[in-house]
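See below for the structure under consideration.
2 protein chains.
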Amino acid sequence: MSPPSITNVIITPVAFADPPLLNAVGVHEPFALRSIIEVETSDGVTGLSESYGDARHVERLDRVGVALRGLDVFSTTRMLEVTAVTLGGAVGADGHGLTGQISAAGTVLRTFSAFEVAALDVQGKLLGRPVCDLLGGAVRDRVPFSAYLFYKWGSHPGAAPDRYGEVLSVEAIVEQARAMLSTYGFGAIKLKGGVLSPGEEIDAVLALRDAFPLIPLRLDPNTAWSVATSIDVARRLEGGLEYLEDPTPGLVGMAEVAREAPMPLATNMCVVGFEDLAPAVSLGSAAVILSDHHYWGGLRKVCDLAAVCDTFDLGLSMHSNSHLGISLAAMTHVAAAVPNLTYALDTHWPWKDEDVIEAGALVFRDGAVAVPTAPGLGVELDRDALARLHERYRTCGLTERNDTRYRQSIDPAYDGHLPRW
Amino acid sequence: MSPPSITNVIITPVAFADPPLLNAVGVHEPFALRSIIEVETSDGVTGLSESYGDARHVERLDRVGVALRGLDVFSTTRMLEVTAVTLGGAVGADGHGLTGQISAAGTVLRTFSAFEVAALDVQGKLLGRPVCDLLGGAVRDRVPFSAYLFYKWGSHPGAAPDRYGEVLSVEAIVEQARAMLSTYGFGAIKLKGGVLSPGEEIDAVLALRDAFPLIPLRLDPNTAWSVATSIDVARRLEGGLEYLEDPTPGLVGMAEVAREAPMPLATNMCVVGFEDLAPAVSLGSAAVILSDHHYWGGLRKVCDLAAVCDTFDLGLSMHSNSHLGISLAAMTHVAAAVPNLTYALDTHWPWKDEDVIEAGALVFRDGAVAVPTAPGLGVELDRDALARLHERYRTCGLTERNDTRYRQSIDPAYDGHLPRW
Chain A
1 MSPPSITNVI ITPVAFADPP LLNAVGVHEP FALRSIIEVE TSDGVTGLSE SYGDARHVER
61 LDRVGVALRG LDVFSTTRML EVTAVTLGGA VGADGHGLTG QISAAGTVLR TFSAFEVAAL
121 DVQGKLLGRP VCDLLGGAVR DRVPFSAYLF YKWGSHPGAA PDRYGEVLSV EAIVEQARAM
181 LSTYGFGAIK LKGGVLSPGE EIDAVLALRD AFPLIPLRLD PNTAWSVATS IDVARRLEGG
241 LEYLEDPTPG LVGMAEVARE APMPLATNMC VVGFEDLAPA VSLGSAAVIL SDHHYWGGLR
301 KVCDLAAVCD TFDLGLSMHS NSHLGISLAA MTHVAAAVPN LTYALDTHWP WKDEDVIEAG
361 ALVFRDGAVA VPTAPGLGVE LDRDALARLH ERYRTCGLTE RNDTRYRQSI DPAYDGHLPR
421 W
Chain B
1001 MSPPSITNVI ITPVAFADPP LLNAVGVHEP FALRSIIEVE TSDGVTGLSE SYGDARHVER
1061 LDRVGVALRG LDVFSTTRML EVTAVTLGGA VGADGHGLTG QISAAGTVLR TFSAFEVAAL
1121 DVQGKLLGRP VCDLLGGAVR DRVPFSAYLF YKWGSHPGAA PDRYGEVLSV EAIVEQARAM
1181 LSTYGFGAIK LKGGVLSPGE EIDAVLALRD AFPLIPLRLD PNTAWSVATS IDVARRLEGG
1241 LEYLEDPTPG LVGMAEVARE APMPLATNMC VVGFEDLAPA VSLGSAAVIL SDHHYWGGLR
1301 KVCDLAAVCD TFDLGLSMHS NSHLGISLAA MTHVAAAVPN LTYALDTHWP WKDEDVIEAG
1361 ALVFRDGAVA VPTAPGLGVE LDRDALARLH ERYRTCGLTE RNDTRYRQSI DPAYDGHLPR
1421 W
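Line order of the protein sequences matches chains A and B. First residue of the first sequence? That's 1 in my numbering, and the numbers climb one at a time after it. First residue of the second sequence? That's 1001 in my numbering, and the numbers climb one at a time after it.
Right, here's the structure in full:
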């Protein structure tokens, strides 16, 4: 029997409506961009995946997709080699607009990831087994996620008010949490910070703690603070946070904060690749690493990261960008299979109204998603929705994410440089 | 479709003839003990594995085998959980007689490993794919092994001379190397040291270097030396060794040697579990870790170890005990799938004349074994041979390995304590 090889790859960029969520470098644009990857094989089975949607990333996906034709869909290691050779050391943007340029190795891994997930989807479908079974099997049947609170404007400029309303006060953020927990049942809360002053965000965390005394809280200012400010905020929030995420930039600055902070520090900004782990361990920069298969290099690389974290007594959680259902399925499968992924995962899921997958495969109940048991990722494309969101991509005018530029287009005095406080 | 579950487990201890190979703690007994594991599933597919054969380990395998019945053969993580619960913190011996007692966690992992490999064999057979494809696919089609030289007696006491002859001199060890390279084509040489005085073993390495100037050499005295002796030997062998393996006991002693030695240090004695890696990295105890799926906890755990090594800039090689063909197949599959396993693997293969597998699946050519492409591990049991070696186990009188006791039975004055020099 000849091995199932890749015969064709289809990359479909899509855009979906995104509310004006505020963060440390600006505000979410009216549309979030993603790419949908279909990997067709000689066995007639097609694998799905979802990745970043900025134009340069899509171009890389297209280029690598052609180069992968003919490869055995079980040899993901060979697929990685071909990805690296095809990209030839090209350096790309980070795809989520927060950490700037990424290394050549990082560019390879975030391109490869899209195909690795699709290959695992094919493998699972061929075998009749869910993807988590290709990673050692599920250690949990349900994967808990965290509520992801955002300060936000009431509408994109010129648009009608969105259904989420303006959230720029302590009272409004508590109300947002209440609504999100009521709808999804989340058992953990993350507040995207770095937007209001540190004092206002401290007040928000304290109000959330008062409102939800049994729910673990996290605060993520995306390196908006200096080391001194970070230490001050950390001390004032003693006992109030499960972890403090990326208060300040860089491995060294984070280590300075970590030495003084009473709670663990988490990061998805100073540790974004395997090459960052040894210095982070040596310096003590963070106690919790936020994984993300989209840029760590796929689901097996997240398992690798989990092994490193377990070995070096680091906690493991999961980062999220704005995403659709295929990514949620992939996140759920790998989180099901990794024993030491013990924190509730981040997800932007509540902030969107549309998707490219058939509804029903992924349902939040009590803040968790049941691990799909169907073969592969367990999700199917809704072709009409895919066509609609692709048409949106074609016409929306966005080709990359740039929260700072968008905010400056509304508020020319806005300065996106960090740390701000 | 209900998942393929484990219906029965058969553990068959076997004994095969082993020459009187000398090491730092004594001499190999006349028979090496192994266990052959068959995992039967509800799909009618049986998976194979091979593990240690000492009686206490076999008892643990029997006990865990019963407890695994009914489990999904794809959920190896659940199988690990059940193994841990079943053994309930029991502490065992190391199974190869060199490092003494092992931890409860180590006992769990070396018991689980036997079943993980068999489960992967089942998975591969169900899928029609070689085991390496369940680990990301082969990055190499052939896996190189190393010649494994031993000082040895000419025969076990009271027995006829064996076909390998006495090897206790520089000339004889060079002759052994020449014969082994001629037969197998190995491109690397490891000398088991700690047997003769350090000066004699230095002379042996220098003679091997003169005889085979292009072949990388390794020396493994199994912690027979003090720190001072280790540093002295290392300096005198500058430029002569690919790595020096376990010259002295303990993470701290190894680090002291590593600071002064001109070549990398390797270990399979001070780093034998994930809990040893953080202190080893912190202290700088070794530059190369020798993996071994039998005690690291299976093939996926070796992949985990490889990720840690890659992340922390450690080299990765592979350790061997006396073993049969099922273990060789498992070693070959995982080595094929791990990109950073760049050293030729250890194997005792040339020192045995019999096996439990059908001949032909694993052939050495130019020092390497072609990765099997048949489903699963790619080896099949020879039932007659299995019955013969099991009968040998029943009648040989050995129930555990103890090289020191055996040597003392011949030479009552022998003192097995280390370090000796």
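Glycine included, every Cβ here is placed at the ideal spot set by N, Cα and C. Note that the structure is a prediction, hence the values are computed from the model and not measured.
- Of the other Cβ atoms in all chains shown, fewer than 16 fall within 10 Å of the Cβ of residue 1282 (chain B); this residue is therefore exposed.
- Following the DSSP letters along the chain, one finds residue 1192 (chain B) inside the beta strand (DSSP E) bounded by residues 1189-1192.
- For the segment 1267-1294 of chain B, the beta-carbon criterion of a distance under 7 Å to any beta-carbon of chain A is satisfied by 1274, 1277, 1278.
- Cα atoms of residue 145 (chain A) and residue 297 (chain A): separation of roughly 21 Å, rounded to the nearest angstrom.
- DSSP assignment within the segment 1234-1309 of chain B yields the following whole beta strand (DSSP E) runs of 3 residues or more, N-terminal first: 1243-1245, 1265-1267, 1288-1291.
- As a beta-bridge residue in DSSP terms, residue 1040 (chain B) pairs with B:1008, B:1046.
- Considering only beta carbons, the part of the segment 1305-1317 of chain B lying closer than 9 Å to chain A consists of 1305, 1306, 1307, 1308, 1310, 1311, 1312, 1313, in chain order.
- Counting only runs of at least 3 residues, the segment 326-374 of chain A fully encloses the following beta strand (DSSP E) elements, listed from N- to C-terminal order: 368-370.
- Put simply, the CB of residue 1075 (chain B) is near chain A, with a gap under 9 Å to one of its CB atoms.
- Rounded to the nearest whole angstrom, the CA to CA distance from residue 229 (chain A) to residue 421 (chain A) is 7 Å.
- It is roughly 35 Å from the alpha-carbon of residue 1280 (chain B) to the alpha-carbon of residue 232 (chain A).
- Under DSSP, residue 1023 (chain B) forms a beta bridge with B:1026.
- Under the 10 Å beta carbon count, residue 217 (chain A) is surrounded by 16 or more other beta carbons and is classified as buried.
- Judged by beta-carbon spacing, residue 1324 (chain B) lies within the 9 Å limit of residue 1352 (chain B), meaning their Cβ atoms are closer than that value.
- For a cut-off of 8 Å, the C-beta gap from residue 1126 (chain B) to residue 127 (chain A) is around 7 Å, short enough to register as a contact.
- Bounds of any alpha helix (DSSP H) do not take in residue 220 (chain A); it lies within the beta strand (DSSP E) bounded by 217-220.
- Straight-line measurement puts the Cα of residue 263 (chain A) at about 38 Å from the Cα of residue 161 (chain A).
- Nearest to residue 1318 (chain B) by C-alpha distance, out of B:1347, B:1329, B:1326, is B:1347.
- Remark: C-beta atoms of residue 1289 (chain B) and residue 1314 (chain B) approach each other more closely than 9 Å.
- Residue-level contact check: residue 1134 (chain B) touches chain A, since one or more beta carbons of chain A fall below 9 Å from its beta carbon.
- Here the alpha carbons of residue 362 (chain A) and residue 328 (chain A) stand approximately 8 Å from one another.
- Annotation: residue 24 (chain A) to residue 184 (chain A) spans about 26 Å, alpha carbon to alpha carbon.
- Annotation: Cβ neighbours of residue 1137 (chain B) in chain A (cutoff 7 Å, chain order): 72, 74, 75, 76, 77, 78.
- In chain order, 5, 6, 78, 79, 82 place their CB closer than 8 Å to the CB of residue 71 (chain A), counting only its own chain and leaving out the 5 sequence neighbours on each side.
- In this structure the segment 1047-1055 of chain B lies against the segment 1109-1129 of chain B, because at least three pairs of beta carbons, one per stretch, are closer than 8 Å.
- Using a Cβ-Cβ cut-off of 9 Å, residue 1396 (chain B) does not count as an interface residue toward chain A, since no Cβ of chain A sits closer than that to its own.
- When rounded, the separation of the alpha-carbon atoms in residue 215 (chain A) and residue 203 (chain A) is 17 Å.
- Residue 1086 (chain B) is positioned such that its CB atom lies no closer than 9 Å to that of residue 1117 (chain B).
- Taking 8 Å as the cut-off between beta carbons, none of the residues of the segment 1357-1379 of chain B comes near chain A.
- Secondary structure at residue 1150 (chain B): strand, using DSSP grouped into helix, strand and coil.
- Using beta-carbon distances, residue 1300 (chain B) counts as an interface residue toward chain A, with a partner under 9 Å.
- Annotated as proximal: residue 1200 (chain B) and residue 1170 (chain B), with beta-carbon spacing under 9 Å.
- At a cut-off of 9 Å, the C-beta of residue 1354 (chain B) has no neighbouring C-beta in chain A.
- In the DSSP assignment, residue 1129 (chain B) falls outside any beta strand (DSSP E), carrying neither H nor E.
- Of all residues in the segment 162-187 of chain A, none comes within less than 8 Å of chain B when Cβ atoms are compared.
- Taking the beta carbon of residue 1129 (chain B) as reference, the chain A residues within 7 Å of it are 74, listed in sequence order.
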